[in-house]
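Everything in the sequence shown is counted per full-length UniProt numbering, starting at 1 for the first residue and increasing by one.
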Amino acid sequence: MTKAAADPLAAYNAKRDFGKTREPKGELAAEPGHLFMVQKHDATRLHWDLRLEKDGVLKSWAVTRGPSLDPADKRLAVRTEDHPLSYATFEGTIPKKEYGGGTVMLWDRGTWAPIAGKTADTLEDGHLHFTLEGERMKGEWLLVRIKGKPGEKRENWLLRKIDDDHAGGSDDLVAHALTSVATGRTMDEIARGVAVKGARPGGKTPSAGPVGSSDVERDSPAGAGVSRPRSKPTGKGQGKAKKASLKAPAFQPPQLATLVDAVPAGSGWMHEVKYDGYRALTAVGGGTATVYTRSGLDWTDRFTGIADAAAALPGAALIDGEIVKLDADGRPSFSALQSVLKDGGDGLILFAFDLLEQDGEDLRRLPNVARKERLRALIADLDPDGPVQLAEHVLGEGEALFETMCREGYEGIVAKRADAPYANRRSQAWLKVKCTRRQEFLIVGWTKSSARGRPFSSLLLGLRDDDGALRYAGKVGTGFDTALLADLARRMKPLARKTPPVEVPRAAARGASWIRPELVAEVAYAEFTAENVVRHASFVGLREDKPAREVRAEKAAPAPKPKAPAIKVSNPDRVIFPDSGITKGELAAYYAEIAPAMLPDSADRPISLVRCPQGRAKHCFFQKHDAGSFGDKVGQVDIREKDGSTEAYLFVDGTDGLVACVQMGTIEFHGWGSRVADVEKPDRMVFDLDPDEGLGFDEVKRAAADLRDHLADIGLSSFPLLSGGKGVHVVVPLSPAAEWPAVKDFAQRFSIALATAEPDRFVATMSKAKRKGRIFIDWLRNQRGATAIMPFSARARPGAPVAAPVTWDELKGLEGANRWSVRDAAELLERAAAPALRGWGRADQVLPDL
Numbered sequence: 001m002t003k004a005a006a007d008p009l010a011a012y013n014a015k016r017d018f019g020k021t022r023e024p025k026g027e028l029a030a031e032p033g034h035l036f037m038v039q040k041h042d043a044t045r046l047h048w049d050l051r052l053e054k055d056g057v058l059k060s061w062a063v064t065r066g067p068s069l070d071p072a073d074k075r076l077a078v079r080t081e082d083h084p085l086s087y088a089t090f091e092g093t094i095p096k097k098e099y100g101g102g103t104v105m106l107w108d109r110g111t112w113a114p115i116a117g118k119t120a121d122t123l124e125d126g127h128l129h130f131t132l133e134g135e136r137m138k139g140e141w142l143l144v145r146i147k148g149k150p151g152e153k154r155e156n157w158l159l160r161k162i163d164d165d166h167a168g169g170s171d172d173l174v175a176h177a178l179t180s181v182a183t184g185r186t187m188d189e190i191a192r193g194v195a196v197k198g199a200r201p202g203g204k205t206p207s208a209g210p211v212g213s214s215d216v217e218r219d220s221p222a223g224a225g226v227s228r229p230r231s232k233p234t235g236k237g238q239g240k241a242k243k244a245s246l247k248a249p250a251f252q253p254p255q256l257a258t259l260v261d262a263v264p265a266g267s268g269w270m271h272e273v274k275y276d277g278y279r280a281l282t283a284v285g286g287g288t289a290t291v292y293t294r295s296g297l298d299w300t301d302r303f304t305g306i307a308d309a310a311a312a313l314p315g316a317a318l319i320d321g322e323i324v325k326l327d328a329d330g331r332p333s334f335s336a337l338q339s340v341l342k343d344g345g346d347g348l349i350l351f352a353f354d355l356l357e358q359d360g361e362d363l364r365r366l367p368n369v370a371r372k373e374r375l376r377a378l379i380a381d382l383d384p385d386g387p388v389q390l391a392e393h394v395l396g397e398g399e400a401l402f403e404t405m406c407r408e409g410y411e412g413i414v415a416k417r418a419d420a421p422y423a424n425r426r427s428q429a430w431l432k433v434k435c436t437r438r439q440e441f442l443i444v445g446w447t448k449s450s451a452r453g454r455p456f457s458s459l460l461l462g463l464r465d466d467d468g469a470l471r472y473a474g475k476v477g478t479g480f481d482t483a484l485l486a487d488l489a490r491r492m493k494p495l496a497r498k499t500p501p502v503e504v505p506r507a508a509a510r511g512a513s514w515i516r517p518e519l520v521a522e523v524a525y526a527e528f529t530a531e532n533v534v535r536h537a538s539f540v541g542l543r544e545d546k547p548a549r550e551v552r553a554e555k556a557a558p559a560p561k562p563k564a565p566a567i568k569v570s571n572p573d574r575v576i577f578p579d580s581g582i583t584k585g586e587l588a589a590y591y592a593e594i595a596p597a598m599l600p601d602s603a604d605r606p607i608s609l610v611r612c613p614q615g616r617a618k619h620c621f622f623q624k625h626d627a628g629s630f631g632d633k634v635g636q637v638d639i640r641e642k643d644g645s646t647e648a649y650l651f652v653d654g655t656d657g658l659v660a661c662v663q664m665g666t667i668e669f670h671g672w673g674s675r676v677a678d679v680e681k682p683d684r685m686v687f688d689l690d691p692d693e694g695l696g697f698d699e700v701k702r703a704a705a706d707l708r709d710h711l712a713d714i715g716l717s718s719f720p721l722l723s724g725g726k727g728v729h730v731v732v733p734l735s736p737a738a739e740w741p742a743v744k745d746f747a748q749r750f751s752i753a754l755a756t757a758e759p760d761r762f763v764a765t766m767s768k769a770k771r772k773g774r775i776f777i778d779w780l781r782n783q784r785g786a787t788a789i790m791p792f793s794a795r796a797r798p799g800a801p802v803a804a805p806v807t808w809d810e811l812k813g814l815e816g817a818n819r820w821s822v823r824d825a826a827e828l829l830e831r832a833a834a835p836a837l838r839g840w841g842r843a844d845q846v847l848p849d850l
């Protein structure tokens, strides 16, 4: 037996001088377990160390580019020496001259297991198919050893994500998970020895997991200050306290969907799963939450788990959603929901899909997609597998989603106009398409059963037509279990009446008992017969959340045809891009089609327009004010100027607003860094990398990546935006907490620091003379009144390019900042809905102290 086999930690101990490094000495663990962790390690080169507990040690791989959620990515993972289990709590610095010298962050932690039917011993055969349940890495993963070359000493493996519900984009983890899961510290703070002794972001304490506070504190110099969590505003301002005191909004009637016979076509629709549950509006404020039914009944006591989870949300909000219970296969089940409510069980989930009000701001006039993004940001810090979850959607391609849902046994889908405001009523802006025929009926009576112990044989059903007249609609005799039969009999007993409440055929009325039509039953059926009664009906459940007076016969209307913008575009054949022949009509069509992807960033933001009434090659000018010529589809917001006067600034909040601007000769949309609801609090920073003439795009890409890394070091996630010209914008989303002076000051000092550190590459002043051979870091867009090009806006440049969001990973392979044009709307929409870009430009973070 070799020494390594006798002591698997011999190599680990031999590489380290424990008199110089604070890493723990290697000792075998006595109790077997399934721990895993990932440590971000900035040594000779930055990498992520994946460690899986097996045989009393941590099997380890250095993943050079970090784990990717994209199943198409195969990340190199170099096998390293086994580590002791005590290493699971290590976070700190290793002296530079020691083995592995550098900064170590506890980046993820949790448990792992081989997939069903496999064992951990397959690792010795060179492959491991396993699941992770971590704070960041979840779902199925695969490690595969690459066949080595002769004489090669190290083992090279590939780490790949399996395509499942937790798959996503290449940048979702590495580029945006920037703080320790144990302490909330950034790599820079760990390197500086900043101590954290309180709660980590999300409210958990370091003692809640493998890392103990002693591991952190011993690495910190005496007197070091406590770092603040990056994901929430801190007590330095009064915003958090003010939000906590906001009262919960009042109940509002929900928007209802119209039943149609087919999925609406076109890119202007966003499609969600039709959940089989109870509609609910949840009002949050002051640390409490109230759950209302669709008719305004307070059912908080029935949904305490959901109310408790929602109460933890910051500020005040009114959230629309559906409460469901998932069955053993993970599908919403109405019967399972009723069983839980009856038995007082738990496990209910609110799938939230709309946000009507937030912190006193009425959001109903915002486009659907914009409200959804506000909702996504609001609940981002909640447990993604907890009682309140986001109902995801896809843009366009509703037919594919519908086919999948029907094949998997779901009820159907809901299609929503992406640019539509919220209407507190039934409308054609929300449509439902069902896989199976389901209808709500009124129970009007019951028939006796000859079976012993069965209180009734079938229920007699009624329906109200559009004129309100009640008619007989057939009977249902299946779908009941013993407990449900007894419960229904109990509920019907006090409603008994001597005569039928509706005219019933003599054959159906024979031996029947009658009740007042107050109970609402959900029934699945094959069809309505020629006599207008249900055939092959099956009872699904009682609808306690829906008043009997609202029950009407539902008839599927024809699916609407693609909606044309309400704004008429004059001279649609006028060529405005002479080099490519693109017309005014084509540009208007582009903005109408791209609106679902563009509006979440652009809606309700003061804008400046680049207008070229005679085309791109003619005179163009900026316009930010309006004297009324744009019409009522383009909004105005009064903003105080520096001299104390007030001016009306433009903003758009829907597709028609975008097209109305094109009608007035607009090509480009530039937006403020704040929204009209609070123009004084920016929700993003933009660093525009503007290269000097002669510098290639490779230099710009390298500069953008360096800015990303410097921002990440201080805990800020960033996203690249192709400008459509020759540069790249590095976009830093912010929670709107700080005001303009603070954001401007941060951007200026950050840019000057980079220019000072690398004066041959960067310059932070506008001077053309000083820009020679360098890249100007334009931080001036981060001051009150300044604007930056909006994502998906066209540019008044040859070829009609557009400003396009990209991932950091794909930026590396692009050859220019003008990759896409207005003729690529379909591809841009598909990209916007893909997992890799779904969270682009979204992060809940505040400015750190510099």
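The beta carbon of each residue, even a glycine, is placed where N, CA and C say it ideally should be.
Among the options, nearest to residue i - alpha-carbon criterion
i: residue 445; options: 408, 489 and 435; result: 489
i: residue 474; options: 512, 629, 602 and 29; result: 512
i: residue 98; options: 689, 675 and 22; result: 22
i: residue 685; options: 90, 741, 295 and 701; result: 741
i: residue 305; options: 485, 314 and 291; result: 291
i: residue 714; options: 194, 60 and 54; result: 194
i: residue 46; options: 187, 141 and 504; result: 187
i: residue 168; options: 845, 331, 847 and 833; result: 833
i: residue 792; options: 652, 677 and 802; result: 802
i: residue 813; options: 731, 705 and 765; result: 705
i: residue 58; options: 71, 88 and 456; result: 88
Residues near residue i in its chain [Cβ-Cβ closer than 6 Å; skip 5 each side]
i: residue 763; result: 755, 770, 771, 774 and 776
i: residue 492; result: 515
i: residue 547; result: 295
Where the beta strand (DSSP E) through residue i begins and ends
i: residue 851; result: Past the boundaries of the shown model lies residue 851; the chain is included only from 1 to 850, so the question cannot be answered.
i: residue 521; result: 520-524
i: residue 133; result: 127-134
i: residue 649; result: 646-651
Beta-bridge pairing of residue i - partner residues as DSSP gives them
i: residue 269; result: 417
i: residue 445; result: 460 and 514
i: residue 670; result: 608 and 789
i: residue 278; result: 323
i: residue 94; result: 102
i: residue 778; result: 688
i: residue 852; result: This structure cannot speak to residue 852, because the chain is shown only from 1 to 850.
Spatial neighbours of residue i in its chain, beta-carbon cut-off 7 Å, leaving aside the 5 residues before and after
i: residue 386; result: 309
i: residue 238; result: Annotation note: pLDDT 41 at residue 238 (below 50); position unreliable, coordinate value reported separately. The answer is none, since no qualifying residue turns up.
i: residue 849; result: none
i: residue 356; result: 252, 318, 320, 363, 364 and 422
i: residue 157; result: 61, 77, 79, 143, 144, 145 and 146
Alpha-carbon spacing of residue i relative to residue j, whole angstroms
i: residue 406; j: residue 412; result: 6 Å
i: residue 709; j: residue 573; result: 47 Å
i: residue 648; j: residue 662; result: 19 Å
i: residue 44; j: residue 62; result: 12 Å
i: residue 275; j: residue 137; result: 27 Å
i: residue 640; j: residue 785; result: 10 Å
i: residue 371; j: residue 26; result: 52 Å
i: residue 286; j: residue 250; result: 13 Å
i: residue 108; j: residue 53; result: 14 Å
i: residue 608; j: residue 673; result: 12 Å
i: residue 646; j: residue 744; result: 22 Å
i: residue 727; j: residue 610; result: 18 Å
8 Å Cβ shell around residue i - same chain, five flanking residues per side excluded
i: residue 255; result: 320, 354, 422, 423, 424, 425, 426, 427, 429 and 430
i: residue 558; result: 260, 261 and 262
Element boundaries [alpha helix (DSSP H), containing residue i]
i: residue 747; result: 740-757
i: residue 13; result: 10-14
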